[in-house]
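**Student:** In my numbering, the protein residues as written are 702 to 1474. By construction, the Cβ of each residue, glycine as well, lies at the ideal position given by its N, Cα and C atoms.
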Amino acid sequence: MRRTAKSAHLARTVAAGTATTFLLTVALAAAGTATAGTAAAGDRPGPGRHHHEVPVLEGRATLSADFLAEGPPSGADASSANGRQGPWDGQVIPGFSAMVDNGDGTFWAQPDNGFGTQDNSADFLLRSYLVEPDWDTGTRRSGSGDIEILDRIDYDDADHVLDFPIVGEDTEERLLTGADFDIESVVRAKDGSFWVGEEFGPFVLHFDASGTLLEAPIPLPGGLRSPQNPYLGDGETPGVRASSGFEAMSASKNGRYLYPVIENALVGAEDERRRVVYELDTRSGEYTGRTWSYQTDLPGNVIGDSFTVGKDRFWFVERDNFDGASSVTKRVYEVDLRRTDAEGFVAKKLVLDALKIANPRGIDAGEGYGLGERFALPVQSFETVLRLRDGRILIGNDNNYPGNDARVPGTPDDTEMVVVDLQRQRTRDDGVTVVGHRGASGYRPEHTLAAYEQAILQCADYIEPDVVATRDGVLVARHENEIGGTTDVADHPEFADRRTTRTIDGRDVTGWFTEDFTLAELRTLRAVERLGDLRPESAAFDGLYQVPTLDEVLDLARRSETCDGRQVGVYPETKHPTYFDSIGLSLEEPLVAELEANDLGSRRDPVILQSFETGNLRELDEMTDVRLAQLVSASGAPYDLVAAGEDTTYEDLVTRRGLRQISRYADGIGAAKDVLVPREADGTLGEATAVVRDAHRAGLEVHAWTFRAENTFLPAELRSSDDPAEHGDLAGEIRVFLDAGVDGLFTDHPDVAVAALDGPAAGERPGRPVKVP
């Protein structure tokens, strides 16, 4: 370490461990907020509980993406992007992949290997920087919002510990570079030394307080190696994927054990969502043999960081590889190694969704994507989480300079440090259930995790997956089993011969069908916007997202919170159950099994199962305790009854007698809008029917479908123009149905529905409060 008088003093202060959080506390106290402690957002409000935790932005500081630290030129082989081309006259700081809190307002902040690969990072020096953020708190006493670089540690192999050649092999200092190791995680030991997790081995490295390597790299047990491992033999198959090593690592409370986490699935893993947590004994320098399995929300998600919050309890950053508006998963989960679920994965609960942080003081509002009334950290590489000593949360990013431009397209992302507080707010219930129809399908391609996440961000109470089956019996979320209009299957020549014609519910349908694909084959497809001409903004996300399984949708829902602090509900619809029964792919049994595996089988759980058919709802009523809803169209009849030769129509189902019969097996109806408030011949809204009143008298709730903002779907008097794609007065239509007494509604635009509920007449509606578990 190159020391100045100032740095030597700081190092002594850090090593002594006596510093306090004075600088941070003073800056944030000016905002007048109280510390919320460490309660996780996953703690659900129960009976008599009237408050929940809301993430609130309290401070933000940035380091310019173009900042250059002292040192030789870097980036000669880096890819150009966003108007930047190396080499640069100094050492780039491409964000921070790990941090250590010094407790005095400063942090050791560690970048990764530089420019993303072993081949292009030989001129990038591995370092840890001593940084001090001057927090912008959005108050009169706010700081500058800048991150100051105070000092640094240069990692080196001055004692010739390594037995393989490095870039600086023949130099005196033997400084380590991004072609030698890809450092990603860091833990400071009680003696001031640093344990560093890296990805090329993957190895755990041990450096002294000045940055000199103390001992040989500790490899993974069982001969697991990555393609970049210097000991990989000729013809040897790597067991760890490239650059998928120890992105995250934390320590036991006493510091004896380290818990490095494999960032991605191991090579050949049967479950692409499984990540492995290892235990390393620092006294012996050997792995203990104990491992745990963590399940990500989606197969492609990675573990970005880890931080110890208690005995066997850690915060994990889980993120996807999208950025900006494409982002889906940027979350912090609390993991408890002592608890596992029915599938053997460690228990996890939501602490923070970094796409959903309140920004009441407007910190940096208007300066880029995710900077407004709601703050988001929509960066690709969300790679830092710490719990500060006052209980607040610090999060940060690796900006992959010069490639990422999540905030402002065409401009490299700055390095960010962000402080978030979990503040108690009063729980409120507006009495109406808002269902994100196929997710927020007005904004993202329907039935994708992106659409469901958008619905959650827009304060939907429930998300709705339509359920169909694959050839190997896995339930997936698609509007129909024909997927030609909702995926890019037509662009896959390998599947051209699977285009066929099937008779579905008495209709001939031509295209590609989920029952002809295995899940693995479906995973190679990407979702597209079904209504591309009407929704070009949503179509901009075509080709990004996979077809999710029902299990993945259930996981997202049960690990997410509504805006009033409750667990997000899930509202699955069984599609064409008679047809799927006829081909030996019954939907009901695997659906109930999935619910039970996700601990969602109780009547108190926020689950409603729905169907346009009657027979399978009667079956489900015998198979599960969750609530059921009979779907009712404005025309036609349930296909199971048609197939049985019965003449009962949907119109018959909504008579008083029909509703009483429904109440014997279901808890509510999901009715087409025209069943409740029909339209006149000129396209305007008519008078409400008696269906809502009669359903309530039969003890049934009423949810109306489907509310969409585009003019083509709206009543004539609420259209804004003749342009079918332009948005009209959807809130006005919703208010008509609320006045008619509906208990809930399905909408492609949950944000508009929530705004309508919060309107001036919100407390004057005659509808009954919906029963929310």
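For the structure I just gave you, are there three or more beta carbon pairs, one from the region 1324-1334 and one from the region 1349-1369, closer than 8 Å?
**Tutor:** In short, these stretches touch, since the Cβ pair count reaches three.
**Student:** Cβ of ASN1101 within 9 Å of Cβ of GLY796?
**Tutor:** Against a cut-off of 9 Å, the Cβ pair of GLY796 and ASN1101 comes out as a contact.
**Student:** Express the C-alpha separation of ASP1162 and HIS1138 in angstroms, rounding to a whole number.
**Tutor:** Using only the alpha carbons, I get a separation of about 11 Å.
**Student:** Across which residues does DSSP place ALA1107 in a beta bridge pair?
**Tutor:** DSSP, once it has assigned bridges, lists no residue as partnering ALA1107.
**Student:** Drop a sphere of 10 angstroms on the beta-carbon of THR1041, count the other beta-carbons inside from all chains shown, and report buried for 16 or more, exposed for fewer.
**Tutor:** The residue is exposed, with fewer than 16 neighbouring Cβ atoms inside 10 Å.
**Student:** Given this structure, state the Cα-to-Cα distance separating TYR932 from SER886, to the nearest angstrom.
**Tutor:** When rounded, the distance between both Cα atoms is 22 Å.
**Student:** Excluding sequence positions up to five away, which residues of its chain have a Cβ less than 7 Å from the Cβ of ALA779?
**Tutor:** GLY787, PHE816, ASN821.
**Student:** Rounded to whole angstroms, what's the CA-CA distance from GLY1063 to LEU1072? Just pull it up for me.
**Tutor:** Cα to Cα, the separation comes out at about 8 Å.
**Student:** Between ARG1357, GLU1035, GLU1290, which has its C-alpha nearest PHE1008's C-alpha?
**Tutor:** Answer by Cα proximity: GLU1035.
**Student:** Apart from the five residues on each side of it in sequence, which residues of its chain come closer than 6 Å, Cβ to Cβ, to ARG1129?
**Tutor:** The answer, listed in chain order, is ASP1265.
**Student:** Measuring only the C-alpha atoms, how far is ALA732 from MET1118?
**Tutor:** With a pLDDT of 41 at ALA732, under the threshold of 50, the predicted position of this residue should be treated as unreliable, though the coordinate-derived value follows. Computed Cα separation, rounded: 18 Å.
**Student:** Can you give me the Cβ contacts of LEU1183 inside the same chain, cut-off strictly under 6 Å, excluding the 5 residues immediately before and after it?
**Tutor:** Inspection of the sequence shows that residue 1183 is occupied by Glu rather than by Leu. Only VAL1210, GLY1212, PHE1214 meet the Cβ criterion.
**Student:** Less than 7 Å between C-beta atoms, sequence neighbours within five positions excluded: which residues of the same chain meet that for ASP1106?
**Tutor:** So the qualifying residues of the chain are ASN783, THR1112, PRO1113, ASP1114.
**Student:** Would you grab the beta carbon distance between ALA943 and PRO920 for me? Rounded to a whole angstrom, and I think it's under 8 Å.
**Tutor:** Not confirmed; about 16 Å, so no contact.
**Student:** Nearest by alpha-carbon distance to GLU1216: which of ASP1252, LYS1276, GLY1207, ASP1091 is it?
**Tutor:** When each option's Cα is compared against that of GLU1216, the closest is LYS1276.
**Student:** Using beta-carbon positions only, say whether LEU1292 and LEU1310 come within less than 9 Å of one another.
**Tutor:** Yes, they are a contact pair.
**Student:** Check ARG942 in the structure and name its three-state DSSP category.
**Tutor:** In this structure, ARG942 counts as coil in the three-state DSSP scheme.
**Student:** Any chance you could list the beta strand (DSSP E) runs of at least 3 consecutive residues sitting entirely within the region 863-905, in chain order?
**Tutor:** Qualifying beta strand (DSSP E) stretches, in chain order: 884-889, 895-899.
**Student:** Name the one or two DSSP bridge partners that GLY1212 has.
**Tutor:** DSSP output for GLY1212 lists THR1201 as bridge partner(s).
**Student:** Okay, do the region 1374-1390 and the region 1434-1449 touch, 3+ Cβ pairs below 8 Å being the bar?
**Tutor:** In short, these stretches touch, since the Cβ pair count reaches three.
**Student:** Reducing DSSP to helix, strand and coil, say where HIS1397 ends up.
**Tutor:** Correct three-state label for HIS1397: helix.
**Student:** Could you spell out the range, first to last residue, of the alpha helix (DSSP H) harbouring SER1239?
**Tutor:** Taken as a continuous stretch (DSSP letters only), the alpha helix (DSSP H) holding SER1239 covers 1237-1240.
**Student:** Would you grab the beta carbon distance between GLY1270 and VAL1308 for me? Rounded to a whole angstrom, and I think it's under 8 Å.
**Tutor:** The pair is a contact, with the Cβ atoms about 7 Å apart (cut-off 8 Å).
**Student:** Could you give the first and the last residue of the continuous alpha helix (DSSP H) run that contains LEU1251?
**Tutor:** Run containing LEU1251: 1251-1259, per the alpha helix (DSSP H) assignment.
**Student:** From THR1325, VAL1343, LEU1321, ALA823, pick the residue whose C-alpha is nearest to that of ARG1305; which is it?
**Tutor:** Answer by Cα proximity: THR1325.
**Student:** In whole angstroms, what separates the C-alpha of PHE901 from that of ARG828?
**Tutor:** So the alpha carbons of these two residues sit roughly 17 Å apart.
**Student:** Taking the alpha-carbon of GLU1074 as reference, which of ASP790, LEU758, SER1334, PRO812 has the nearest alpha-carbon?
**Tutor:** Minimum Cα distance to GLU1074 is reached at LEU758.
**Student:** If you compare alpha carbons, which of ASP1206, GLU1195, ARG1361, THR1201 is closest to LEU1482?
**Tutor:** Beyond the ends of the chain as shown, which are 702 and 1474, falls residue 1482; an answer cannot be given.
**Student:** If you measure between the beta carbons of VAL1052 and VAL1033, is that distance less than 9 Å?
**Tutor:** Going by C-beta atoms, VAL1052 is nearer than 9 Å to VAL1033.
**Student:** Taking all protein chains shown into account, do 16 or more other C-beta atoms lie within 10 angstroms of the C-beta of ASP753, making it buried, or fewer, making it exposed?
**Tutor:** The identity of residue 753 in the sequence shown is His, whereas the question assumes Asp. Buried, by the Cβ-count rule.
**Student:** Determine the burial state of GLY934: buried for a count of at least 16 other Cβ atoms within 10 Å of its Cβ, exposed for fewer.
**Tutor:** Burial call: exposed.
**Student:** Verify whether the separation of the beta carbon atoms of CYS1160 and ASP1449 is less than 9 Å.
**Tutor:** Not a contact, by the Cβ cut-off of 9 Å.
**Student:** Evaluate ARG1358 with the Cβ neighbour count: other Cβ atoms within 10 Å of its Cβ, from every protein chain shown; 16 or more gives buried, anything less gives exposed.
**Tutor:** By the 10 Å Cβ count, ARG1358 comes out exposed.
**Student:** Quick check on DSSP: helix, strand or coil for GLU1074?
**Tutor:** Reduced to three states, the DSSP call for GLU1074 is coil.
**Student:** Just checking, does the region 909-918 make contact with the region 832-846 on the three C-beta pairs under 8 Å criterion?
**Tutor:** As far as the Cβ criterion goes, the region 909-918 does not touch the region 832-846, which means the pair count is below three.
**Student:** Taking ASP857 as the reference, which of ILE850, LEU851, GLY1174, GLU874 has the closest Cα?
**Tutor:** ASP857 has its Cα closest to that of GLU874, out of ILE850, LEU851, GLY1174, GLU874.
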